[in-house]
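Enquirer: Right, I'll just put the structure down here and ask away after.
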Amino acid sequence: MKGYIPVIREHLLKEIEKKRAELLQIVMANGMTSHITIELSQELDHLLIQYQKQRLRAVAGDE
2 MKGYIPVIRE HLLKEIEKKR AELLQIVMAN GMTSHITIEL SQELDHLLIQ
52 YQKQRLRAVA GDE
């Protein structure tokens, strides 16, 4: 299972970068307070939290 966790983190990093780029495009088109901007921002937050949890597990030695 040890090899599996870094793959998950790598996937999360790719998803974070994709979501961040998507969010920037939406902000430029719709502004900071539009409904879609808020939704995408929350999705990005969720991905970042998942990534942080994976990092904490690695630091704690659960990997």
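Heads up: the sequence shown is residues 2 to 64, going by my numbering. Each residue gets a CB set at the ideal place from its N, CA and C atoms; glycine is no exception. Keep in mind it's a predicted model, so treat the numbers as computed, not measured.
DSSP on S35, reduced to helix/strand/coil?
Expert: In the structure shown, S35 sits in coil (DSSP, three-state: anything other than H, G, I, E or B).
Enquirer: Using C-beta distances below 7 angstroms, list every residue in its chain close to R21, excluding the 5 sequence neighbours before and after it, in chain order.
Expert: Cβ within range, chain order: L45.
Enquirer: Any contact of the region 44–59 with the region 7–18, i.e. 3+ C-beta pairs under 8 angstroms?
Expert: Segments in contact, yes.
Enquirer: Within the same chain, show all residues whose beta-carbon is closer than 8 angstroms to that of G14, passing over the 5 residues directly before and after it, in chain order.
Expert: Note that residue 14 corresponds to Leu in the displayed sequence, not to Gly. Closer than 8 angstroms at Cβ, skipping near neighbours: Y52.
Enquirer: Using the C-alpha atoms, what's the distance from A30 back to L48?
Expert: Going by the C-alpha atoms only, they are around 23 angstroms apart.
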